[in-house]
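Take 51 as the starting number for the sequence shown in the numbering used here and just add one per residue.
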Amino acid sequence: MQSTKSGGPLAGAWAVTQRLGHEGYRTLTADVLEAVDRIVAGVADIPALSLVATPDSTLIAFSCDETCDPFTICDELATAKWYVQPQMAFAGHPATVHLSVSAATLSGVDDFLAALRAAVERAVAAGPVQVDPDVVAFIEALDPTALTDADFDGLLAASGLLGGAGTEGRADAAGVEGGPDGSASLQLPSRMAEINALLDVAAPAMREALLIAFLDRLQRP
51 MQSTKSGGPL
61 AGAWAVTQRL
71 GHEGYRTLTA
81 DVLEAVDRIV
91 AGVADIPALS
101 LVATPDSTLI
111 AFSCDETCDP
121 FTICDELATA
131 KWYVQPQMAF
141 AGHPATVHLS
151 VSAATLSGVD
161 DFLAALRAAV
171 ERAVAAGPVQ
181 VDPDVVAFIE
191 ALDPTALTDA
201 DFDGLLAASG
211 LLGGAGTEGR
221 ADAAGVEGGP
231 DGSASLQLPS
241 RMAEINALLD
251 VAAPAMREAL
261 LIAFLDRLQR
271 P
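Rendered as structure tokens:
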């Protein structure tokens, strides 16, 4: 009933402010802004990357040139145990990598930048993820307000992610086990670049509809 206004986070925030005091917050602020500045400088030294904007606070977003894509970079960073957030293209802005920086980031900045440079090198070597034009056309023909199980299964099949609908109790050649309703159940991938690239070509309303369908399918027996 308290929704986002529960007392626990408020009490925790109050306790932290009391423990740190003004000097403690000034120290943390200096640490987080130093981390931001060092990451910004490191991104500027990687030719394939460019900042979306000079950050005023603790959020950093950077995009890629035509030699690689942000989704592959995120996968490569995850392989190195660095978990960063991809952002889809929106309103004429390209897809980006999004970083939320905290004071704790400062001690790991050098390691992160080394991992980022290696991730970009691997992403450039692999080349940008390409979505099949037929899959793009399939997505564009779907109605996000009336997405059916058949539509979702068809998209999975068209994209080559999971294959077609399975049969109850039996896994098909793609390793997809069919649910009781005959729809294809999901097998989570180890990498997300292809899926994120597919979502990136969809309109925002379709992305939302596909996410709802995805979460719905995960919860099915």
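Positions of the beta carbon are idealized from the N, C-alpha and C atoms, including for glycine.
Rounded to the nearest angstrom, what separates residue i and residue j at their Cα positions?
i, j, result
"G225", "S107", "Residue confidence is low: G225 scores 37 on pLDDT, short of 50, so the model does not pin down where it sits. No coordinate-derived value is stated."
"A61", "A208", "50 Å"
"C124", "R76", "32 Å"
"V186", "A247", "10 Å"
"A176", "L166", "15 Å"
"D266", "L260", "10 Å"
"V134", "V147", "7 Å"
"W132", "D161", "10 Å"
"C74", "A63", "Reading off the sequence, residue 74 comes out as Gly, not Cys. Their Cα atoms are separated by approximately 14 Å."
"E116", "Q137", "17 Å"
"A275", "V181", "Residue 275 is absent from the structure shown; the chain starts at 51 and stops at 271."
"V90", "D81", "14 Å"
"V93", "P271", "44 Å"
"F264", "E171", "31 Å"
"T79", "R241", "35 Å"
"L101", "F112", "4 Å"
"P120", "K55", "35 Å"
"P59", "H72", "20 Å"
"V151", "I245", "26 Å"
"D250", "T198", "20 Å"
Mind checking residue i: buried by the 16 CB within 10 Å criterion, or exposed?
i, result
"F140", "exposed"
"I262", "exposed"
"E126", "buried"
"L268", "exposed"
"L149", "buried"
"T104", "exposed"
"A200", "exposed"
"A169", "buried"
"L109", "exposed"
"V66", "exposed"
"L205", "buried"
"L70", "exposed"
"D95", "exposed"
"D184", "exposed"
"A164", "exposed"
"G57", "exposed"
"S195", "Per the sequence presented here, residue 195 reads as Thr, with Ser not at that position. T195 comes out exposed."
"T122", "buried"
"P97", "exposed"
In this structure, what does DSSP give as the bridge partners for residue i?
i, result
"P136", "V147"
Taking residue i as part of the beta strand (DSSP E), name the residues at either end of that continuous run.
i, result
"I110", "109-114"
In terms of residue numbering, what span does the alpha helix (DSSP H) encompassing residue i cover?
i, result
"L101", "Careful: L101 lies outside any alpha helix (DSSP H), inside the beta strand (DSSP E) at 99-101."
"R286", "What is shown of the chain runs 51 to 271, which leaves residue 286 out entirely."
"Q180", "From DSSP, Q180 is part of no alpha helix (DSSP H); its letter is neither H nor E."
"A80", "57-94"
"D250", "243-251"
"L127", "120-129"
Between the stretch 177-193 and the stretch 247-262, can you find at least three pairs of beta-carbon atoms closer than 8 Å? Short answer: they touch.
When you compare the stretch 147-163 with the stretch 74-88, are there three or more beta-carbon pairs, one atom per stretch, that lie closer than 8 Å? For the pair of segments examined, the stretch 147-163 was found to touch the stretch 74-88: the number of CB pairs separated by less than 8 Å reaches three.
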